[in-house]
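In the working numbering, the protein residues as written are 350 to 465.
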């Protein structure tokens, strides 16, 4: 069994910063990809950023230049530094982990609210 736990969400004013963390534990073979997704009320879940085992990263257009994904996949950890947050960034942020090509796991999510 694999557990994925996110932390670091909260309430922040527009223009502020937050740092999210994700840790995966349990019976894990080899993580290939770790990613952050978010889901705003009434919207579909969308990719924010992801990092693969080579260290290569991908970002969604709206967050490029403001968010930075990092982590140590070998240690099953990942972070998302979010700067210059905007109200449209309000959502539940989820950590996604791929253990091989067919086993994907999700955390319970952490709420990020950007509001004055």
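All residues carry an ideal CB built from backbone N, CA and C; glycine is no exception.
Identity of the residue in the options nearest residue i by Cα
i: residue 395; options: 437, 358, 366; result: 437
i: residue 400; options: 385, 455, 372, 464; result: 385
i: residue 382; options: 463, 414, 451; result: 451
i: residue 421; options: 446, 415, 442; result: 446
i: residue 425; options: 362, 402, 465; result: 402
Bridge-paired residues (DSSP) for residue i
i: residue 448; result: 380
i: residue 402; result: Looking at the DSSP assignment, residue 402 forms no beta bridge with any residue, so it has no partner.
i: residue 453; result: 447
i: residue 369; result: 429
i: residue 459; result: 442
i: residue 294; result: It is not possible to answer for residue 294, since the shown part of the chain is limited to 350 through 465.
i: residue 437; result: Paired residues: none, contrary to the question.
i: residue 414; result: In the DSSP output, where bridge partners are listed per residue, residue 414 has none listed.
i: residue 352; result: 374
Supposed contact pair residue j and residue i - C-beta distance, whole angstroms, cut 8 Å
i: residue 351; j: residue 375; result: 4 Å
i: residue 454; j: residue 373; result: 7 Å
Beta-carbon proximity list for residue i, same chain, < 6 Å, skipping 5 on both sides
i: residue 448; result: 377, 378, 380
i: residue 444; result: 353, 355, 371, 456
i: residue 418; result: 398, 400, 406, 429
i: residue 358; result: 459, 460, 461
i: residue 362; result: 465
i: residue 415; result: 432, 433
i: residue 360; result: 462
Spatial neighbours of residue i in its chain, beta-carbon cut-off 7 Å, leaving aside the 5 residues before and after
i: residue 440; result: 387, 388, 389, 461
i: residue 412; result: 397, 398
i: residue 391; result: none
Beta-carbon contacts of residue i that lie in its chain and below 8 Å, excluding the five residues immediately before and after
i: residue 409; result: 395, 396, 397, 398
Evaluate contact between the stretch 356–367 and the stretch 423–441, counting only Cβ atoms and requiring at least three cross-stretch pairs below 8 Å. The count of Cβ pairs closer than 8 Å, one atom from the stretch 356–367 and one from the stretch 423–441, reaches three, so the stretches are in contact.
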